[in-house]
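A.B. asks:
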Amino acid sequence: MSVALLIVDDSGFSRKAMLKSIPEGWDVNITQAANGEEALTALRKGLGEVVLLDLTMPVLDGFGVLEGIRDEGLTAKVVVVSADIQPKAKFRVMSLGALAFLQKPFNKESLAATLAECGVYSED
Amino acid sequence: MKTEPLNEEENEILQEVINIGMGQAGASLAKLLDVFVNLSVPRVSWVNDDDFVVKVGELVACSGESWAGVRQAFYNQLEGEAFAIYGANGCHQLSGLMGYDESEEMAQEELLLDVTNILIGACLMGVAKQIGKQLDFAAPNLVGIDKPLAELLYSRDREWDQCLLIEVNFCLEEGDFSCHLVMLMSEASIGQLRSGLIEFMESY
Numbered sequence: 001m002s003v004a005l006l007i008v009d010d011s012g013f014s015r016k017a018m019l020k021s022i023p024e025g026w027d028v029n030i031t032q033a034a035n036g037e038e039a040l041t042a043l044r045k046g047l048g049e050v051v052l053l054d055l056t057m058p059v060l061d062g063f064g065v066l067e068g069i070r071d072e073g074l075t076a077k078v079v080v081v082s083a084d085i086q087p088k089a090k091f092r093v094m095s096l097g098a099l100a101f102l103q104k105p106f107n108k109e110s111l112a113a114t115l116a117e118c119g120v121y122s123e124d
Numbered sequence: 001m002k003t004e005p006l007n008e009e010e011n012e013i014l015q016e017v018i019n020i021g022m023g024q025a026g027a028s029l030a031k032l033l034d035v036f037v038n039l040s041v042p043r044v045s046w047v048n049d050d051d052f053v054v055k056v057g058e059l060v061a062c063s064g065e066s067w068a069g070v071r072q073a074f075y076n077q078l079e080g081e082a083f084a085i086y087g088a089n090g091c092h093q094l095s096g097l098m099g100y101d102e103s104e105e106m107a108q109e110e111l112l113l114d115v116t117n118i119l120i121g122a123c124l125m126g127v128a129k130q131i132g133k134q135l136d137f138a139a140p141n142l143v144g145i146d147k148p149l150a151e152l153l154y155s156r157d158r159e160w161d162q163c164l165l166i167e168v169n170f171c172l173e174e175g176d177f178s179c180h181l182v183m184l185m186s187e188a189s190i191g192q193l194r195s196g197l198i199e200f201m202e203s204y
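Residue numbers (this note's numbering), protein chains in the order written: chain D, 1 to 124; chain S, 1 to 204.
Next up, the structure:
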């Protein structure tokens, strides 16, 4: 059965880059969101079993999305993909329940490796 | 010949590239001050020399207050000048975080120069590296402390007919410190910038 994958980033370019970097052969059903509010709306509809989440966004940022997931008791496996490389940013998202932190710029290999580490995708 | 402004797609790629540079600059600042830095969504626009001060005023959105400004020129494949604009209270907080005595005026000036060098260097080097372009920096110089914004911005190296205006800002979670980085890239650099952005896009 295909996995509901939610891609959250305010940059259209960045969403495209993520789409292009998704491992080939991974059976996913993709939804996109351009800010945190849109992401939570999609999550409430069950459209994000796995989430690729940017942090710095207008309206509601990625930290806000993680708090929303926690407060509303939503279930989602979140991989944060961000250019905010402060150690404290990573620490915060992990404390808020993210499974991994992938630094931008990423590539196909680093994305596949991160997804595999989280156990949401297997390379074989 | 008139340079075509960046199209929508190029703008988007530039914003993402700046986002990465800003992330590196924010991390450097966080490390220096041992604080958490909130980052902004980068803003990019195309301005004429005439509307530059007005435009920056809108971005900084607090005219009438007093500011400290440091300017730093950059050159090579990309050229232009960058300003770091600090709110007056932020300067005091900065001195405090670094354990400086506020009465030491020289120390405060040096601190602003150092912090600016770190922020502008990390941000623009981050951009240049992503798009494979060479970049060098002149030494930063202090334009003024406790001055209105317009006064800081009028002291530019040269006039630009048209240029690309990039703004990012950093603020600390606690306290009043905020810093706006305003970067002006010359019309002559746009060709290099564009080729670099397209190459970056094609790497995906």
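The beta-carbon is built from N, C-alpha and C at its ideal position, and this holds for glycine as well. No experiment lies behind these values; they were computed from the predicted model shown.
Rounded to a whole number of angstroms, what is the C-alpha to C-alpha distance between S:I18 and D:V28?
C.D. replies: If you take the alpha carbons of S:I18 and D:V28, they lie about 30 Å apart.
A.B. asks: Return the residues of the segment 99-115 of chain D that lie within a Cβ-Cβ distance of less than 9 Å from chain S, sorted by chain order.
C.D. replies: Answer in chain order: Q103, K104, P105, N107, K108.
A.B. asks: Residues of chain S with CB under 8 Å from D:S21, in chain order?
C.D. replies: Under the 8 Å cutoff, chain S gives Y204.
A.B. asks: Determine whether the beta carbon atoms of S:G23 and S:V127 lie at a separation below 8 Å.
C.D. replies: Cβ atoms of S:G23 and S:V127: not closer than 8 Å.
A.B. asks: Can you name, in chain order, every residue of its own chain whose Cβ lies under 7 Å from the Cβ of D:E117, other than the five neighbours on each side?
C.D. replies: Same-chain partners within the cutoff: A100.
A.B. asks: Hey, would you say S:V115 sits closer than 8 Å to S:L94, going by beta carbons?
C.D. replies: Yes, the pair counts as a contact, with Cβ atoms nearer than the cut-off.
A.B. asks: Which runs of the alpha helix (DSSP H), 4 residues or longer, sit entirely within the segment 57-99 of chain D?
C.D. replies: Fully enclosed alpha helix (DSSP H) runs of 4 or longer: 62-72, 87-95.
A.B. asks: Between the Cα of D:L96 and the Cα atoms of D:P105, D:F106, D:G64, D:T114, which residue gives the shortest distance?
C.D. replies: Closest option to D:L96, Cα to Cα, is D:G64.
A.B. asks: Does S:D34 come out as helix, strand or coil in the three-state DSSP assignment?
C.D. replies: Coil, per DSSP.
A.B. asks: Are any of the Cβ atoms in chain S nearer than 8 Å to that of D:S122?
C.D. replies: So no, D:S122 is outside the interface.
A.B. asks: Closer than 6 Å by C-beta to S:T3: which residues in its own chain qualify, once you throw out the five before and the five after it? Chain order, please.
C.D. replies: Within the same chain, S:T3 has close Cβ partners E187, I190.
A.B. asks: Looking at C-alpha atoms only, which residue of S:A25, S:E12, S:F36, S:E10 is the closest neighbour of S:E174?
C.D. replies: The option with the nearest alpha carbon to S:E174 is S:F36.
A.B. asks: What are the start and end residues of the alpha helix (DSSP H) that includes D:L43?
C.D. replies: That run of the alpha helix (DSSP H) goes 36-44.
A.B. asks: Could you list which residues in chain S have their beta carbon closer than 9 Å to that of D:M57, in chain order?
C.D. replies: Per Cβ cutoff of 9 Å: V41.
A.B. asks: At a Cβ cut of 8 Å, what residues of the segment 159-190 of chain S count as close to chain D, listed as they run along the chain?
C.D. replies: Of all residues in the segment 159-190 of chain S, none has a Cβ within less than 8 Å of some Cβ in chain D.
A.B. asks: Output yes if chain S places a C-beta closer than 8 Å to the C-beta of D:G142; else output no.
C.D. replies: With chain D covering 1 to 124 only, the question about residue 142 of chain D has no answer from this structure.
A.B. asks: Cutting at 6 Å between CB atoms, please list the residues of its own chain near S:S117, excluding the five before and the five after it.
C.D. replies: One point to set straight first is that residue 117 of chain S is Asn, not Ser, in the sequence displayed. Around S:N117: P140.
A.B. asks: Leaving out the 5 sequence neighbours to the left and right, which residues in its chain are closer than 6 Å to S:Y100 when beta-carbon positions are compared?
C.D. replies: Around S:Y100: A107.
A.B. asks: Label D:M1 either buried or exposed according to how many other C-beta atoms from any shown protein chain fall within 10 Å of its C-beta, with 16 as the threshold for buried.
C.D. replies: When all chains shown are included, D:M1 counts as exposed.
A.B. asks: What number of angstroms, rounded off, separates the C-alpha of S:C179 from the C-alpha of D:D54?
C.D. replies: Each residue's Cα considered, the two are about 23 Å apart.
A.B. asks: Taking 8 Å as the CB-CB limit, is S:G121 close to chain D?
C.D. replies: Not closer than 8 Å to any Cβ of chain D, the Cβ of S:G121 fails to qualify, so no.
A.B. asks: Drop a sphere of 10 angstroms on the beta-carbon of S:D51, count the other beta-carbons inside from all chains shown, and report buried for 16 or more, exposed for fewer.
C.D. replies: When all chains shown are included, S:D51 counts as exposed.
A.B. asks: What did DSSP end up calling S:R194 once you bin it into helix, strand or coil?
C.D. replies: S:R194: helix per DSSP, three-state reduction.
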